[in-house]
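Numbering (the working numbering), first residue to last: 3 to 141.
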Amino acid sequence: MHLLSNIHATDIAIHAAGDTMPELFLNALRGMNEILKEGLCGAQTHYDCSSKIEVYARDRRRLLIDFLSEVLEKSYAYRAVFCYVYFSEFSENHLEARLYGVWFNQFDIRINSVACEDASVEQNARGTWDSTLDFELEE
């Protein structure tokens, strides 16, 4: 689940949730993808490219920020939106995964960065993982 909210000229905030940490990361990725190229991933039945990713961080909040930041870098380098991720390893401060993406011509919106200041990753009373993320946009 992801929900776009607080859309401004210079940033967009999303909320993502998941029953597990990997599901939260996948849903945050889906939210970021909706900013980059709305609707592209929902209709995909095949992928054009794949890329390996490995991220280390001091905590799960930073792991999510660094994961999305690296995927964003790869999106610009490959001119692709990475619609799906398969995690081969996942812990509180490390992940290894393979990204699967679709090539395309132009982004709807260009993201400068994943903002660190207000990002959160928390487990609620029901045991679901929730995150709020802010993406700084190009002007």
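Backbone N, C-alpha and C fix where the C-beta goes; we use that ideal spot for every residue, glycine too.
On the CB-based measure, 16 or more other CB atoms within 10 Å of its CB, does W131 come out buried or exposed?
By the 10 Å Cβ count, W131 comes out buried.
Find the nearest neighbour of R2 within the set C118, D21, L139, judged by alpha-carbon distance.
The requested residue 2 does not occur in the structure, where the chain is confined to residues 3 to 141.
C-beta contact flag for N35 and C85 at 8 Å:
Closer than 8 Å, so yes.
Any idea what DSSP makes of A1, helix, strand or coil?
The question about residue 1 has no answer here: the residues shown for the chain are numbered 3 through 141.
Express the C-alpha separation of K39 and Q108 in angstroms, rounding to a whole number.
The alpha-carbon atoms of Q108 and K39 are separated by roughly 8 Å.
Per DSSP, what kind of secondary structure is Y78 in: helix, strand or coil?
In the structure shown, Y78 sits in a helix (DSSP, three-state: H, G or I).
Residues in the same chain with beta-carbon distance under 8 Å from W105, minus the five sequence neighbours each way, listed in chain order, please.
Excluding residues within five positions, the ones whose Cβ falls inside 8 Å are D50, C51, Y80, R81, A82.
With three or more beta-carbon pairs closer than 8 Å as the criterion, would you say the region 116-123 touches the region 134-141?
With the cut-off at 8 Å, the region 116-123 and the region 134-141 touch.
For L70, which of helix, strand or coil comes out of DSSP?
Correct three-state label for L70: helix.
Do you know offhand how far H48's Cα is from L26's?
In this structure, the straight-line span from the alpha carbon of H48 to that of L26 is close to 23 Å.
Quick check on the DSSP output: the beta strand (DSSP E) that includes F137 runs from which residue to which?
Segment 131-139, the beta strand (DSSP E) holding F137.
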